[in-house]
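Peer 1:
In my numbering, the protein residues as written are 103 to 721.
#1: The beta strand (DSSP E) spanning residue 353 covers which residue range?
#2: Could you tell me if residue 364 is buried or exposed, where buried requires 16 or more neighbouring beta carbons within 10 angstroms of its beta carbon?
#3: Report buried or exposed for residue 186, applying the criterion of at least 16 other Cβ atoms within 10 angstroms of its Cβ.
#4: With distance defined between alpha-carbon atoms, name the residue in 149, 132, 175 nearest to residue 549.
#5: Express the C-alpha separation of residue 237 and residue 513 in angstroms, rounding to a whole number.
#6: Which term fits residue 275, buried or exposed, when burial requires 16 or more other beta carbons within 10 angstroms of its beta carbon?
#7: Which parts of the stretch 272-332 are runs of the alpha helix (DSSP H), unbroken and 4 residues or longer, counting only runs that do not cross its ends?
#8: Can the beta-carbon of residue 259 be found closer than 8 Å to that of residue 221?
#9: List the DSSP bridge partners of residue 498.
#10: Locate the beta strand (DSSP E) running through residue 154, then write down its first and last residues.
#11: Taking the Cβ atom as the reference point for each residue, do residue 668 and residue 639 lie within a distance shorter than 8 Å?
#12: Say whether the stretch 556-566 touches the stretch 651-660, bearing in mind that this needs 3 or more beta-carbon pairs closer than 8 Å, one atom from each stretch.
#13: Report the option in 252, 316, 245, 255 whose CA atom is closest to the CA atom of residue 700.
#14: Using 10 angstroms around the beta-carbon of residue 427, count the other beta-carbons present and answer buried if the total reaches 16, otherwise exposed.
#15: Tell me whether residue 229 sits in a helix, a strand or coil according to DSSP, three-state version.
#16: Between the beta-carbon of residue 687 and the beta-carbon of residue 252, is there less than 8 Å?
#17: Can you tell me whether DSSP reads residue 682 as helix, strand or coil?
#18: Please report how far the alpha carbon of residue 346 lies from the alpha carbon of residue 461, in whole angstroms.
#19: Please identify the residue among 498, 130, 143 whose C-alpha is closest to the C-alpha of residue 117.
#20: What are the residues that DSSP puts in a beta bridge with residue 461?
#21: Measure the alpha-carbon distance for residue 704 versus residue 718 and round it to whole angstroms.
#22: Does the beta-carbon of residue 268 have 16 or more other beta-carbons within 10 angstroms, so that it is buried, or is it exposed?
#23: Among the residues of its own chain, which have a CB less than 6 Å from the CB of residue 714, if the five just before and after it don't count?
#24: If you follow the alpha helix (DSSP H) that residue 629 is in, where does it begin and where does it stop?
#25: For residue 471, write down the residues that DSSP places opposite it in a beta bridge.
#26: Since residue 495 contacts residue 338 with CB under 8 Å, what's their CB separation in whole angstroms?
#27: Quick check: the Cα distance between residue 351 and residue 393, rounded to an integer number of angstroms?
#28: Compute the Euclidean distance between the alpha carbons of residue 388 and residue 402, then round it to the nearest angstrom.
#29: Could you tell me if residue 636 is buried or exposed, where buried requires 16 or more neighbouring beta carbons within 10 angstroms of its beta carbon?
#30: Looking at residue 270 and residue 307, is the spacing between their C-beta atoms short of 8 Å?
#31: Looking at the structure shown, is residue 269 part of a helix, part of a strand, or coil, going by DSSP?
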């Protein structure tokens, strides 16, 4: 076992990794801040306590720690996000997909199989997130046509995209980052189809599971339209100011409930600097009271229908857009309630409602927030910092609501496949996307060159403008991957990866390499559902390589194991972005992902453990 750094350096890096894992998983601190803090801590650690060789040279310089931010794999990931956004913005895949589904319109079960297979195949060559964004409205329309709940289709949609992503090098950002970490550890670059055969085997069995098993184990919750009428639906956090001419003025609570707000739970009332908490017996509402309550969409809709004038209270106190309250109250009969999901890379992420000027940009008002991945810890709606996957209850004129379809910050849930746009630039986007895939797959261009050229071509051709292209780049991915690659470099340079590998082999002394490979796969698969899939991939790649070297087998076998296991982000909604994206449209709870995803993780582990030893010659 080769240990390069001192015991201090090794354990200092391990401690930093533990803190990073806790911060990334807990999300008490914004992901961007946690990532920057990790990078800063690494720089400070190896500046004040450098790891030097016999000649006095620093073995881990700031340049090496920061190299991850400019790594070709990361540049490739970001460029492919731009290419994917060009596909989404032009509707390049939507018209062909609708025609494909139309061929099976009289066989809805077969149509679902065709859609999920199509998602899997496309996800092998395109980032998963835009693929799922394209298919959510299609699956919603398909569910309505079949009179089925969207809850039986949305998780399979997310899982199909993840399974497709594990079959080619560009199918997932995780794959590219594993390659970067492997090259950093001295391994050769991975070619486009190097792991397609075992990936396709895993994807095949995973797709069968998604088609046959998941619809039977998930609860058949109401469709999107049905939940509007369901009083037991999940609740939104809502904040409303009592306007001077509101019918709520002077209304007195009876048995703790206000008659105009029935079936609604009042959390508290802000009156000036005083907070009034339940019970509210004999309390009368006054102008300018800020009422914070939780209610289902049905109860909120009923309150509006009975008292349209209370719509005037859904702008923040002292809002510069206060004139909108007159618009809302004066044309209550023309107002529409809609739900929208906060999209990945949205400008809203990390901001509170008062910071995003939503009404100014859209002429619509966010009146409620629903977070399905975990409980909202703050009560005031205006204090809640939005996250990807949050469901917003939005009020506005129908025409303004419909314009949200083209808003990149949100994904409007209530529109059907019939209304998907197909622009004149779609053929250009298809050509560029195809050229990127062909050049990367054939080796005509290095993957990073093909991806960057594709991103530039999307802008030059007019499929995207510079603003839209820059918006498609998720800064959280940039910083998280940069931090993870920095930690991976530190673990490799200090010998921490070798130290952990030796510990694993000591615990499994005498075990067959195939058994150790199987146990390693399961360990990575568990961590990827707790931590980010990208961070897990980067951290475990050097460990896997060190284990393989000590066993005397090809390290690339363990590298591929990391790719497959790190993509098994099925058991938690935060495990993968696409899981968060379908959480709102599918009306899921956290436990739904565990019920559907944990058996799939076990299934893929068993299949990998049986197939990989024969395929890689370990038997």
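Backbone N, C-alpha and C define an ideal beta-carbon position, used for all residues, glycine too.
Peer 2: With the given structure in hand:
#1: The residue you call residue 353 lines up with position 251 of the chain shown. It is not in any beta strand (DSSP E) - residue 353 carries neither H nor E in the DSSP assignment.
#2: As a position in the chain shown, residue 364 is number 262, starting the count at 1. By the neighbour-count rule (16 or more Cβ atoms within 10 Å), residue 364 is not buried but exposed.
#3: Locating residue 186 in the chain shown gives position 84, where the first residue counts as 1. Burial call: buried.
#4: As a first step, residue 549 must be located in the chain shown, where it is residue number 447. Here the closest residue by C-alpha is 175.
#5: In the chain shown, the residue the question calls residue 513 occupies position 411. In the chain shown, the residue the question calls residue 237 occupies position 135. Between residue 513 and residue 237, the C-alpha separation is close to 11 Å.
#6: In the chain shown, residue 275 corresponds to position 173, counting from 1. Looking at its Cβ environment, which holds 16 or more other Cβ atoms inside 10 Å, residue 275 is buried.
#7: 275-286, 298-314, 316-319, 326-330
#8: Position 157 of the chain shown, counting from 1, holds the residue named residue 259. Position 119 of the chain shown, counting from 1, holds the residue named residue 221. Yes, the Cβ-Cβ distance between residue 259 and residue 221 is below 8 Å.
#9: Translated into the one-based positions of the chain shown, residue 498 becomes position 396. Answer is 438.
#10: Position 52 of the chain shown, counting from 1, holds the residue named residue 154. Unbroken run through residue 154: none, as it is neither H nor E.
#11: Along the chain shown, read from residue 1 onward, the residue named residue 668 stands at position 566. Along the chain shown, read from residue 1 onward, the residue named residue 639 stands at position 537. Yes; because the gap between Cβ atoms is below 8 Å, this pair is in contact.
#12: no
#13: By 1-based counting over the chain shown, the position of residue 700 is 598. The candidate whose alpha carbon is nearest that of residue 700 is 316.
#14: Sequence index remark: in the chain shown, residue 427 carries index 325 (1-based). Residue confidence for residue 427 is low, a pLDDT of 45 falling below 50, so the modelled location carries little weight and cannot support an answer.
#15: Numbered from 1 along the chain shown, position 127 holds the residue referred to as residue 229. Residue 229 falls in the coil class under three-state DSSP.
#16: Here residue 687 is taken as the residue at index 585 of the chain shown, counted from 1. Here residue 252 is taken as the residue at index 150 of the chain shown, counted from 1. In contact: residue 687 and residue 252 (Cβ atoms closer than 8 Å).
#17: Residue numbering aside, residue 682 sits at position 580 when the chain shown is read from its first letter. If DSSP states are grouped into helix, strand and coil, residue 682 belongs with the helices.
#18: For the purposes of this step, residue 346 is taken as residue 244 along the chain shown, with counting starting at 1. For the purposes of this step, residue 461 is taken as residue 359 along the chain shown, with counting starting at 1. Taking the straight line from one Cα to the other gives about 21 Å.
#19: Mapped onto the chain shown, residue 117 falls at position 15. The option with the nearest alpha carbon to residue 117 is 143.
#20: By 1-based counting over the chain shown, the position of residue 461 is 359. In the DSSP output, where bridge partners are listed per residue, residue 461 has none listed.
#21: By 1-based counting over the chain shown, the position of residue 704 is 602. By 1-based counting over the chain shown, the position of residue 718 is 616. Whole-angstrom Cα-Cα distance: 21 Å.
#22: By 1-based counting over the chain shown, the position of residue 268 is 166. Residue 268 is buried by the Cβ-count criterion.
#23: Against the chain shown, residue 714 aligns to sequence position 612. Within the same chain, residue 714 has no close Cβ partners at all.
#24: Sequence index remark: in the chain shown, residue 629 carries index 527 (1-based). Residues 615-632.
#25: Taking the chain shown and counting its residues from 1, one reaches residue 471 at position 369. Paired residues: 339, 494.
#26: On the chain shown, position 393 is the one that residue 495 refers to. On the chain shown, position 236 is the one that residue 338 refers to. So it is a contact: roughly 5 Å between Cβ atoms.
#27: Within the chain shown, the letter at position 249 stands for residue 351. Within the chain shown, the letter at position 291 stands for residue 393. The alpha-carbon atoms of residue 351 and residue 393 are separated by roughly 12 Å.
#28: Mapped onto the chain shown, residue 388 falls at position 286. Mapped onto the chain shown, residue 402 falls at position 300. If you take the alpha carbons of residue 388 and residue 402, they lie about 20 Å apart.
#29: In the chain shown, residue 636 corresponds to position 534, counting from 1. Classification of residue 636: buried, given that the 10 Å Cβ count is 16 or more.
#30: In the chain shown, counting from the first residue as 1, residue 307 sits at position 205. In the chain shown, counting from the first residue as 1, residue 270 sits at position 168. Taking 8 Å as the Cβ cut-off, residue 307 and residue 270 do not qualify as a contacting pair.
#31: Sequence index remark: in the chain shown, residue 269 carries index 167 (1-based). Correct three-state label for residue 269: coil.
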